[in-house]
Structures are given as structure tokens and as C-alpha cells.
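Undergrad:
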């Protein structure tokens, strides 16, 4: 698939969003392919680590809203929810290299990564309420655990954008570097993980996430039900139409 690029080298599976002309906004076909890639990577003995990044100026601007309205996720078998479930309990280390826009799922996805390295241009936002929607990808549960209730409430209830320094200070990400450095550093971290004993790394990840994994998966389902209901609401339809009309 041309909109998702993959490359396997030295145990690191690089997965790159490749719609730079759309700020790497994710459509249904991309979600479906991402889920397939992760399902294969789970059991592929050649894959030790996954490294996520975006082509061009941004990580991802989130969902392609025009595609989202034309292909709404109506049940748990939809492409987006297959991806969410697969990513949430992915057993191998995931490193994210982020610059530019990381909007919506571009931010909530990072809660399921193990190491996040950002360029100084990174801009985050979770504008779900602005669109008449609700949080997704277990962000209503995981974000307060990561950054505390007050910061999570500020970000989720107002939809305010925030920069890489605020994300670092709040504990959402690991590092902030220059845009010319961030990817090479992220890849080096991924390569370092790939050289370590693989079973030990996977066990360590499992026991780190074990205390809240069941609740994470439950919250993804609960948020998904609410999200789908909100998509059908008049409030959401009006907000999405206005967003698309404004370009």
C-alpha cells in the first residue's frame, strides 16, 4: 500500500504514514492495512521492534474526516477498531518518531507506544469535543494515568493544542530534539531494543502493562460504543460539516 510504507532492517520494522499532501491523515484503507501489518508483526520472528513515523512535515493529522463521514465505523469489525485492538495489546516494543502535527489519534496512539521521541516542531491536540465526539483509544483512562487528571481534563475537555515541551513536561513523551535529529535518535533507540534478548523484552512489556491491560481493552470498547453513537448525533454532524466546510 503506497499510503503506508514498511521496511524491515536489523529487526526493526519501520511503519511510515505516507500521505504528506494530507498531513498523513488516516483513512479506512490505511487503518485496515495497519492492522494487517501489526497482526503479521506479532508472530514474525524477524520483527523485534516497530518504529512508527510520518512522511513529510507531520506524524499524522488524525482521521481523514471526509473519509470518516463516508465510511463511519459502525461496529467493532470496522478497520479503525481492528487497528485499535491490535495496537493496544501488541506484544513487542513500539517506538514512535513524531514531528509536526500529531492530532487526534496521532496523540492517543502515543499512549500505546513504549518510547516516544519528538522533533521540536511537534504539535499535539485531541479535538474530540470540538467535533461533538468523545475520547478514543482508551485515552480517557490512559491519559490521566500518564499525565494526571488535571492535565488530561484540560487537553480532553477543551481540545487545546500543546507543543512538544508541554508534552515532555507532562510525561507524555520521552525526548524532544531538533527536527533534524529526532528520527535518527528514535531509530537508534529502536535498534538498541532490537539487539536485546527478545523474550525478556516482551515479558517486561507484558508485566509493565498487565495491571491496566484489561481495563484498557474494556475502555476501548466503551469509548467505541459512545463514539459511534456520537457520530450519529446532530451535534457531531453539524460540527463535522462545519469543519469540512472551513477546509
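Numbering (the working numbering), first residue to last: 1 to 247. Quick reminder that beta carbons are idealized off the backbone N, C-alpha and C, glycines included.
What are the start and end residues of the alpha helix (DSSP H) that includes residue 14?
TA: First-last for residue 14: 12-17, but that is the beta strand (DSSP E), not the alpha helix (DSSP H).
Undergrad: Between 134, 150, 162, which has its C-alpha nearest residue 122's C-alpha?
TA: With distances taken between Cα atoms, residue 122 lies closest to 162.
Undergrad: Could you tell me how far apart the beta carbons of residue 24 and residue 17 are, in whole angstroms, since I believe they sit closer than 8 Å?
TA: With a Cβ gap of about 4 Å, residue 24 and residue 17 count as contacting.
Undergrad: How would you call residue 44, buried or exposed, if buried means at least 16 neighbouring beta carbons within 10 angstroms?
TA: Classification for residue 44: exposed.
Undergrad: Using the Cα positions of residue 84 and residue 65, report the straight-line distance between them to the nearest angstrom.
TA: Taking the straight line joining both Cα atoms gives about 17 Å.
Undergrad: Do you know whose CA, among 67, 94, 53, lies nearest residue 194's CA?
TA: Checked all of 67, 94, 53; the closest Cα to residue 194 is 94.
Undergrad: Relative to the C-alpha of residue 55, which residue among 80, 22, 10, 81 is closest?
TA: Closest option to residue 55, Cα to Cα, is 22.
Undergrad: Closest by CA to residue 131, which one among 141, 7, 240?
TA: For the residues 141, 7, 240, the minimum Cα distance to residue 131 belongs to 240.
Undergrad: Using only the alpha-carbon positions, how far apart do residue 105 and residue 180 sit?
TA: Straight-line Cα distance between these residues: approximately 24 Å.
Undergrad: Of all the options 58, 80, 59, which has the alpha carbon lying nearest to the alpha carbon of residue 68?
TA: The residue with the shortest Cα to Cα distance from residue 68 is 80.
Undergrad: By Cβ distance, which residues of its chain are closer than 7 Å to residue 30, with the 5 residues on each side in sequence left out?
TA: Once the five neighbours on either side are set aside, the close Cβ partners of residue 30 are 3, 4.
Undergrad: May I ask you to report which of helix, strand or coil DSSP gives residue 162?
TA: Three-state result, residue 162: strand.
Undergrad: Taking Cβ to Cβ, would you say residue 59 is nearer than 8 Å to residue 98?
TA: Yes.
Undergrad: Could you tell me whether the Cβ atoms of residue 53 and residue 183 are closer together than 8 Å?
TA: For residue 53 and residue 183, yes; Cβs fall inside 8 Å.
Undergrad: What whole-angstrom Cβ distance do residue 221 and residue 135 have, given they're in contact under 8 Å?
TA: Contact doesn't hold; Cβ gap of about 13 Å is too wide.
Undergrad: Could you tell me whether the Cβ atoms of residue 147 and residue 172 are closer together than 8 Å?
TA: Closer than 8 Å, so yes.
Undergrad: Does residue 125 have its Cβ less than 8 Å from a Cβ in chain D?
TA: You won't find chain D in this structure, because it holds only one protein chain.
Undergrad: Please classify residue 139 as buried or exposed, where buried requires at least 16 other C-beta atoms within 10 Å of its C-beta.
TA: Residue 139 comes out buried.
Undergrad: If you run the structure through DSSP and keep just helix, strand and coil, what is residue 56?
TA: Of the three classes helix, strand and coil, the one that applies to residue 56 here is coil, per DSSP.
Undergrad: Report all residues from its chain with a CB closer than 8 Å to the CB of residue 141; omit the five preceding and five following residues, and keep chain order.
TA: Once the five neighbours on either side are set aside, the close Cβ partners of residue 141 are 212, 215, 216, 219.
Undergrad: Please specify which runs of the alpha helix (DSSP H), each continuous and at least 4 residues long, are wholly inside the stretch 103-164, giving them in chain order.
TA: Listed in chain order, they are 105-108, 139-147, 149-158.
Undergrad: Identify, in the order they occur along the chain, each residue of the same chain with its Cβ nearer than 8 Å to the Cβ of residue 154, setting aside the five sequence neighbours on each side.
TA: The answer, listed in chain order, is 160.
Undergrad: Less than 8 Å between the C-beta atoms of residue 15 and residue 190, yes or no?
TA: Taking 8 Å as the Cβ cut-off, residue 15 and residue 190 do not qualify as a contacting pair.
Undergrad: Looking at the unbroken beta strand (DSSP E) that takes in residue 4, where does it start and where does it end?
TA: From DSSP, the beta strand (DSSP E) with residue 4 extends over 4-9.
Undergrad: Hey, residue 13 and residue 47: beta-carbon distance below 8 Å or not?
TA: Yes; because the gap between Cβ atoms is below 8 Å, this pair is in contact.
Undergrad: Buried or exposed: residue 107, going by 16 or more other Cβ atoms within 10 Å of its Cβ?
TA: Residue 107 is buried by the Cβ-count criterion.
Undergrad: Return the bridge partner residues of residue 172 from the DSSP annotation.
TA: For residue 172, which the question treats as bridged, DSSP gives no partner whatsoever.
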